[in-house]
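2 protein chains.
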Amino acid sequence: MEGKVKTQIARAQVGEITQEMMIVAAAERLNPEYLRDEVAVGRVVIPANVNHKNLKPMGIGRQLKTKINANIGTSSLSSCPQAEVVKLKAAIEFGADTVMDLSTGDNLDFTRRTIIDASPVPIGTVPIYELACGEGDGVDLSEDAILAVIRRQAEQGVDYMTVHAGLRPDQLPAARARKLRIVSRGGALIARHMSENKCDNPFYSCFDRILDICREFDVTLSLGDGMRPGCLADASDPAQLAELRELGILAARCRAAGVQVMIEGPGHIPLDQVGFNMEIERVWCGDAPFYVLGPVVIDCSPGYDHISSAIGAAVAAMHGAAMLCYVTPKEHLGLPNARDVRDGVIAYKIAAHAGDIAKGVPGARERDDAISDARAAFDWEAQFNLALDPAKARELRDEALNERSRTGESGASASGDHFCTMCGPKLCSMRVSKDI
Amino acid sequence: MEGKVKTQIARAQVGEITQEMMIVAAAERLNPEYLRDEVAVGRVVIPANVNHKNLKPMGIGRQLKTKINANIGTSSLSSCPQAEVVKLKAAIEFGADTVMDLSTGDNLDFTRRTIIDASPVPIGTVPIYELACGEGDGVDLSEDAILAVIRRQAEQGVDYMTVHAGLRPDQLPAARARKLRIVSRGGALIARHMSENKCDNPFYSCFDRILDICREFDVTLSLGDGMRPGCLADASDPAQLAELRELGILAARCRAAGVQVMIEGPGHIPLDQVGFNMEIERVWCGDAPFYVLGPVVIDCSPGYDHISSAIGAAVAAMHGAAMLCYVTPKEHLGLPNARDVRDGVIAYKIAAHAGDIAKGVPGARERDDAISDARAAFDWEAQFNLALDPAKARELRDEALNERSRTGESGASASGDHFCTMCGPKLCSMRVSKDI
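Taken in sequence, the protein lines are chains P and S. Per our numbering, residue 47 is the first one in the first sequence, and the count goes up by one each step. Per our numbering, residue 47 is the first one in the second sequence, and the count goes up by one each step.
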């Protein structure tokens, strides 16, 4: 390791408590020494590129509050950088803890720079998308091209990057046996490259040089699961688990090199398999923070996959998943718009919060206890203000009151009612049970 | 027991396989003898009032597909019987397996008759609501009034009825210690009645006579949880568990009397407590079908409680809950409208299906495998047709295509695309991974 190492994990390993660790410890109500030790062993990461100047540091790990990520990004002809900044701010407003820029359009450099400059939360990317956005049908996956893109993004201040370095040639036969083969975009491109060129994964081959770049800027690596199952039939199969095993070995190399690392996870997983998937990752990957995509627990709910995946995400969080990548109602159908982003983020706030309460994060239930007190007091304003989405709660209550008054029911005063429109005053259990 | 006993459980206990059992066994892909034995011991119920003429029989039990219930019903001034029939048909169309008529308006008899006549699915009621809808502020909870209402509803063909017979005076001190005391409407009315009159629960006192009526018409009793927790802070507390213990004793009395019985369950339960709540019910209530309301797993998501409760419901189903009572986005805010009913039913179809796959119901994953095959084949029509809500999937895909074409992207042909708008053709993992 060179003398200029300055990553959070390297500093923690020599006993230093950084400013970033102080901020995260305070936010998580943890002892700074404890947090430092967790960063040192790699159970907590603090994605904080030294070049992301306006970043508000946050931590990701099993012991911390469950975090959620929202994806934004331009596509080939569909968006401009300023529109992405609008989506960025919307995602943060509704509660996203990190945002991934998955742009695949033109002007990727400028879009990314614009997003990073505007973002107080960590920004993640998938560098292979930029490699795939060159001219023509081909994708240049030479090591030089890979390292150049990663370096440029690191210099810009990207806080964490997904690299599918654990996908190896020996996993391809198992992938061919699947119902849906490979649904990860990066994974599919790498698999095709390995097949066509009869070579190993270039991200694997140049992994040490990737680590050098990450160490220089403190980029956290997010080891992508190119073999994540794309349907229940492929869940927990040999392809998925062989890659996960490889990711665990790579995670150890990251830590030894002083580079922070997360592991990415599925995908499509039946509900009864979610718990053991979290456990396998913990054991095989040294409890590196697990960053899961859902998982959706059924395949047949297009239009509602924010819900079917929030079920899997909540159970994953309860079992220790550290960060949940949101899924929107548009999953499997098209690109999300602003409404979809809101629906996805809120569904994931619910999943993360349910997980935090279930795993006993200190203080996690305070908000719930407060809103319950507000319910007992018929304090509608307090209920709205404590809701995960106050505007939606207000909107639905107003709608119910308007529908009631349209039908001629009297006494519909918005926030002063000491009963709700579900029961009316005579059947209001909250009123009645005050008399017991 | 009288000679005219004709309930499903009584007939199963003497070895008979009824026509209803044949239909349910076929629908569930079970051996009729096995199903009969499950009905005989009370692990499966077939709510089928002998006076509900157009009923299509269905079964409820841990070993069967998880069922979902949707609530409809008039309120004091807000609806007419025909409007309820519209809601009934909408709920059934989206997939409700039973419907509860929770009307509290005028003309309850006529409304109920209209709903039963129109319904091929079992209809449930909560008779205490009718008792509470008399003139004036008082609620007549005399045994004569209770039995008269139950008899009239049974004669009309109600298939199952919620009675909160397990709520007893010795549970009240524990309820007073709660953050939200009693949130069940029936439970609160009974608790107040017991407090004011220093008496036991009249539904408990006349329970044998209730059983006589149920036996006469084969009404399935759904033993209500008047002490269900209304917030996380009250979950799994002494009040809830004391009542559940009482429900187990009453369930044994039901079975001994030849009356089918279900147990109702919470409510508001943290995610880590959902599993053991299902287990306690199984042990204490002789594995009587558990009919749960959600549970919601956080308190602070008004406007999205269909999602926070679908999380709890899916995990409950995985742990053996037999029927899930839906929760709509309007929960805690007001009465649901048609859109809310649809959102609630679909969220619960997702939860039930996730539970069925997790608990290994035979054939549960067939639909998922079929839609995955359709994805691999880029067969959009098949994907839509296999979706839990085809109209919604179509709507969101069209929206995405329209947004794409508005921004000038070419090649937006609705259903023929061999890629989706999320990735476009070059980054389509499904296309790329065909080449590995």
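For glycine and all other residues, C-beta sits at the position ideal for the given N, C-alpha and C. Quantities reported herein were computed from a predicted structural model and do not represent experimental measurements.
Residue i bridges to which residues according to DSSP?
{"i": "His314 (chain S)", "result": "S:Val342"}
{"i": "Thr266 (chain P)", "result": "P:Tyr206"}
{"i": "Phe336 (chain S)", "result": "S:Ile309"}
{"i": "Gly185 (chain P)", "result": "Looking at the sequence shown, residue 185 (chain P) is not Gly but Val. Partner(s): none; Val185 (chain P) has no beta bridge."}
{"i": "Ile106 (chain S)", "result": "S:Val91"}
Rounded to a whole number of angstroms, what is the C-alpha to C-alpha distance between residue i and residue j?
{"i": "Leu154 (chain S)", "j": "Gly321 (chain P)", "result": "47 angstroms"}
{"i": "Glu427 (chain P)", "j": "Val307 (chain P)", "result": "43 angstroms"}
{"i": "Arg255 (chain S)", "j": "His239 (chain S)", "result": "20 angstroms"}
{"i": "Ser165 (chain P)", "j": "Ile174 (chain P)", "result": "22 angstroms"}
{"i": "Pro103 (chain S)", "j": "Arg443 (chain S)", "result": "37 angstroms"}
{"i": "Arg66 (chain S)", "j": "Pro93 (chain S)", "result": "Note on residue identity: the sequence assigns Glu, not Arg, to residue 66 (chain S). Approximately 10 angstroms between the Cα atoms of the pair."}
{"i": "Leu110 (chain S)", "j": "Tyr80 (chain P)", "result": "48 angstroms"}
{"i": "Gln199 (chain P)", "j": "Val96 (chain P)", "result": "12 angstroms"}
{"i": "Leu257 (chain P)", "j": "Met324 (chain S)", "result": "48 angstroms"}
{"i": "Gly401 (chain P)", "j": "Gly276 (chain P)", "result": "24 angstroms"}
{"i": "Gly457 (chain S)", "j": "Asn100 (chain P)", "result": "Confidence in Gly457 (chain S) is poor, its pLDDT being 45 and thus under 50, which makes the residue's placement unreliable; the coordinate value appears in the next sentence. If I take the Cα positions, the gap works out to 40 angstroms."}
{"i": "Tyr206 (chain P)", "j": "Pro284 (chain S)", "result": "47 angstroms"}
{"i": "Asp481 (chain S)", "j": "Ser241 (chain P)", "result": "8 angstroms"}
{"i": "Val204 (chain S)", "j": "Asp163 (chain S)", "result": "10 angstroms"}
{"i": "Ala460 (chain P)", "j": "Glu139 (chain S)", "result": "Only weak support is given to the placement of Ala460 (chain P): the predicted model assigns it a pLDDT of 49, under 50, and the question is left unresolved by the model."}
{"i": "Gly88 (chain P)", "j": "Thr53 (chain P)", "result": "12 angstroms"}
{"i": "Arg385 (chain S)", "j": "Val329 (chain S)", "result": "38 angstroms"}
{"i": "Asp351 (chain S)", "j": "Ser268 (chain P)", "result": "32 angstroms"}
{"i": "Asn247 (chain S)", "j": "Gln217 (chain S)", "result": "11 angstroms"}
{"i": "Gly141 (chain S)", "j": "Ile114 (chain S)", "result": "8 angstroms"}
{"i": "Ile192 (chain P)", "j": "Leu339 (chain S)", "result": "52 angstroms"}
{"i": "Arg477 (chain S)", "j": "Val132 (chain S)", "result": "44 angstroms"}
{"i": "Glu176 (chain P)", "j": "Glu262 (chain P)", "result": "21 angstroms"}
{"i": "Ala298 (chain P)", "j": "Val90 (chain P)", "result": "14 angstroms"}
If you follow the beta strand (DSSP E) that residue i is part of, which residue opens it and which one closes it?
{"i": "Cys371 (chain P)", "result": "369 to 371"}
{"i": "Lys113 (chain S)", "result": "113 to 118"}
{"i": "Ile169 (chain S)", "result": "169 to 171"}
{"i": "Val145 (chain S)", "result": "144 to 147"}
Note the first and the last residue of the continuous alpha helix (DSSP H) segment covering residue i.
{"i": "Ile403 (chain S)", "result": "384 to 405"}
{"i": "Phe140 (chain S)", "result": "127 to 140"}
{"i": "Arg158 (chain P)", "result": "154 to 164"}
{"i": "Gly358 (chain S)", "result": "351 to 364"}
{"i": "Phe430 (chain S)", "result": "426 to 432"}
{"i": "Pro219 (chain P)", "result": "218 to 222"}
{"i": "Pro215 (chain P)", "result": "Unbroken run through Pro215 (chain P): none, as it is neither H nor E."}
{"i": "Cys469 (chain P)", "result": "Taken as a continuous stretch (DSSP letters only), Cys469 (chain P) belongs to no alpha helix (DSSP H), as it is neither H nor E."}
{"i": "Leu296 (chain P)", "result": "284 to 302"}
{"i": "Val478 (chain P)", "result": "475 to 478"}
{"i": "Ala423 (chain P)", "result": "Element bounds for Ala423 (chain P): n/a, residue is neither H nor E."}
{"i": "Val70 (chain S)", "result": "65 to 74"}
{"i": "Arg57 (chain P)", "result": "54 to 59"}
Short-range partners of chain P found in the region 420 to 443 of chain S, where Cβ spacing is below 7 angstroms: Arg421, Ala422, Gln429, Leu432, Ala433, Leu434, Asp435, Lys438, Ala439, Leu442, Arg443
Continuous alpha helix (DSSP H) assignments of at least 4 residues falling wholly in the region 225 to 281 of chain S: 231 to 243, 248 to 251, 253 to 263
Interface residues of the region 220 to 231 of chain P facing chain S [CB-CB below 7 angstroms]: Ala221, Arg222, Lys225, Leu226, Arg227, Ile228, Val229, Ser230, Arg231
Residues of the region 336 to 363 of chain S whose Cβ lies closer than 7 angstroms to any Cβ of chain P, in chain order: Val343, Ile344, Asp345, Cys346, Ser347, Pro348, Gly349, Tyr350, Ile353, Ser354, Ala356, Ile357, Ala360, Val361
Interface residues of the region 228 to 257 of chain S facing chain P [CB-CB below 9 angstroms]: Ile228, Val229, Ser230, Arg231, Gly232, Gly233, Ala234, Leu235, Ala237, Arg238, Met240, Ser241, Glu242
Members of the region 203 to 220 of chain S near chain P, C-beta cut-off 8 angstroms: Result list: Leu218.
Short-range partners of chain S found in the region 297 to 323 of chain P, where Cβ spacing is below 7 angstroms: Residues passing the 7 angstroms Cβ filter: Pro316, Leu317, Asp318.
Selection of the region 168 to 197 of chain S by Cβ proximity to chain P, strictly under 9 angstroms: Tyr175, Ala178, Cys179, Asp183, Val185
Interface residues of the region 138 to 154 of chain P facing chain S [CB-CB below 8 angstroms]: Thr150
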